[in-house]
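These notes are about the structure you will find just below.
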Amino acid sequence: MWGAMPGVTKDIQVTDGKAESKALSHGRGSGLSWSLADGVIELALHREPCNELGSASLEELEKFATALEGMQAKAHALVIHSAMKPGFCAGADLRELYQRSQAMEKAEAVKGVREFLERIHRVLNLIDAAPLTTIAAVHGVTFGGGFELALACDLIIADKMARFCFPELRLGLIPGFGGIPRLKRDLGNAVVRDLLLTGRSINATKAQQIGLVSQVVGEGEALRAARATAAQLGKFDRATAAAAKKFIKPIPQEELRREIDIFCELFARPAVQAGLRKFVESTDAQPYLP
Numbered sequence: 006m007w008g009a010m011p012g013v014t015k016d017i018q019v020t021d022g023k024a025e026s027k028a029l030s031h032g033r034g035s036g037l038s039w040s041l042a043d044g045v046i047e048l049a050l051h052r053e054p055c056n057e058l059g060s061a062s063l064e065e066l067e068k069f070a071t072a073l074e075g076m077q078a079k080a081h082a083l084v085i086h087s088a089m090k091p092g093f094c095a096g097a098d099l100r101e102l103y104q105r106s107q108a109m110e111k112a113e114a115v116k117g118v119r120e121f122l123e124r125i126h127r128v129l130n131l132i133d134a135a136p137l138t139t140i141a142a143v144h145g146v147t148f149g150g151g152f153e154l155a156l157a158c159d160l161i162i163a164d165k166m167a168r169f170c171f172p173e174l175r176l177g178l179i180p181g182f183g184g185i186p187r188l189k190r191d192l193g194n195a196v197v198r199d200l201l202l203t204g205r206s207i208n209a210t211k212a213q214q215i216g217l218v219s220q221v222v223g224e225g226e227a228l229r230a231a232r233a234t235a236a237q238l239g240k241f242d243r244a245t246a247a248a249a250k251k252f253i254k255p256i257p258q259e260e261l262r263r264e265i266d267i268f269c270e271l272f273a274r275p276a277v278q279a280g281l282r283k284f285v286e287s288t289d290a291q292p293y294l295p
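Residue numbers for the sequence shown follow the working numbering, so the first one is 6 and each next one is one higher.
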């Protein structure tokens, strides 16, 4: 469903270890960029309007995932943040999803959706299980797939204007990027059911009260706080931190696979196409808001 997109960086001929290290520690695409300095990897999201996750974003995330595997030995922390004013990430690119699904037969569309979900699950699982401490520095809109990206991280640091939401039921779907299994792992079922079944958003203060967010900071201060936290983490033994993370943060593999199955079963229903069409035809400035 989502075809191959052009690479985000030019191919290079690696002639020695220094060239390979440089290629891994810096990268830039149209929608994201990353760098490694002083043991901290920073992944910046900068796709207009609010870092929607579609085929181009996924390919760039896959390139970052490959680089991350090569950088892990030199890093103790990863910070993911957004350079876009509206927020961290508004979720999946629903316009692309609708347009691609309209251009092919239902069975082929469902097959494409499954392939897309399997690919993005591989990326988020790698971030989830990475042997370094991962921090999502969020502000503003942190919805749907963007919320799921944040949930793959070990810590979420939010500025006071951040809002979290799973709006997928409005489309006749459930979250598909691993959000529910990860939320169940971290929080009580009452919170999970509330967010999933009501589709309402919660603010940063509420998110901290229920244990979703570790720190709430002033508006525009999330990245600064995340960097300070990452610097603090550098004082500890990496092997010990990795062992502790592995012990307290199991990956819910079976539930993640089941989520993909349920999403694909639901996607084939006419109600989903109707929901996507309503979203695409909306004249609201920010149609992803509840």
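For each residue, glycine too, the CB sits at the ideal point set by N, CA and C.
(message) Assuming GLY92 and GLY145 are in contact, meaning their beta carbons sit under 8 Å apart, how far apart are those beta carbons, in whole angstroms?
(response) Separation of the CB atoms of GLY92 and GLY145 is rounded to 3 Å, and the pair is thereby assigned contact status at 8 Å.
(request) Let me know if GLN214 comes out buried or exposed under the rule of 16 or more other beta-carbons within 10 Å of its beta-carbon. (result) GLN214 is exposed by the Cβ-count criterion.
(message) Please classify MET89 as buried or exposed, where buried requires at least 16 neighbouring CB atoms within 10 angstroms.
(response) Label assigned to MET89: buried.
(request) Tell me, please, whether the segment 36-51 touches the segment 226-239 by the rule of three or more beta-carbon pairs shorter than 8 Å. (result) With the cut-off at 8 Å, the segment 36-51 and the segment 226-239 touch.
(message) Could you compute how far the alpha carbon of LEU131 sits from the alpha carbon of ALA247?
(response) LEU131 and ALA247: Cα-Cα distance of roughly 14 Å.
(request) Output yes or no for whether 9 Å exceeds the beta carbon distance between GLY96 and GLY149. (result) Closer than 9 Å, so yes.
(message) Is the separation between the beta-carbon of LEU154 and that of CYS94 shorter than 9 Å?
(response) Cβ atoms of LEU154 and CYS94: closer than 9 Å.
(message) Using only CA atoms, which one of GLU113, SER35, LYS68, HIS31 lies nearest to PHE272?
(response) Ranking GLU113, SER35, LYS68, HIS31 by Cα distance to PHE272 puts GLU113 first.
(message) Just verifying my parser: in three-state terms, what is the DSSP assignment at GLU47?
(response) Note: GLU47 maps to strand in three-state DSSP.
(message) Taking only three categories from DSSP, how would you classify PHE241?
(response) Looking at PHE241 - three-state DSSP - the assignment turns out to be coil, as it is neither helix nor strand.
(request) On a CA-only basis, which of THR147, ILE253, ARG105 is nearest ALA212? Give me that one, please. (result) The option with the nearest alpha carbon to ALA212 is THR147.
(request) May I have the straight-line CA-CA distance separating ILE267 from LYS240, to the nearest angstrom? (result) Rounded to the nearest whole angstrom, the CA to CA distance from ILE267 to LYS240 is 43 Å.
(message) So, with DSSP's three-state summary, where would you put ALA200?
(response) According to the sequence shown, residue 200 is Leu rather than Ala. Helix, per DSSP.
(request) Check the Cβ-Cβ distances between ASP191 and every residue of chain D, and say whether any is below 9 Å. (result) Of the protein chains in this structure there is only one, and it is not chain D.
(message) For ARG243, tell me which candidate among GLU57, ALA61, ALA78, LEU41 has the shortest Cα-Cα distance.
(response) Distances from the alpha-carbon of ARG243 to those of GLU57, ALA61, ALA78, LEU41 put ALA78 closest.
(request) Thinking LEU63 and HIS51 are a contact (beta carbons under 8 Å), I'd like their distance in whole angstroms, please. (result) Contact flag wrong, Cβ pair sits at about 16 Å.
(message) Counting C-beta neighbours from all protein chains within 10 Å, is the total for ARG168 16 or more, i.e. buried, or is it exposed?
(response) Within a 10 Å sphere around the beta-carbon of ARG168 sit 16 or more other beta-carbons, which makes this residue buried.
(request) Give me the Cβ distance between CYS158 and ILE140, rounded to the nearest whole Å; I'm assuming they're in contact under 8 Å. (result) So it is a contact: roughly 6 Å between Cβ atoms.
(message) Considering just the uninterrupted stretch of the alpha helix (DSSP H) at ILE267, what are its terminal residues?
(response) Counted as a single uninterrupted DSSP element, the alpha helix (DSSP H) harbouring ILE267 occupies residues 258-272.
(message) Restricting to runs no shorter than 4 residues, where is the alpha helix (DSSP H) found entirely within the segment 142-205?
(response) Unbroken alpha helix (DSSP H) runs of no fewer than 4 residues, entirely contained in the segment 142-205, are found at 149-156, 184-191, 194-203, following chain order.
(message) Taking the alpha-carbon of PRO136 as reference, which of LEU99, HIS126, PHE252 has the nearest alpha-carbon?
(response) A check of alpha carbon separations from PRO136 across LEU99, HIS126, PHE252 identifies PHE252 as the nearest.
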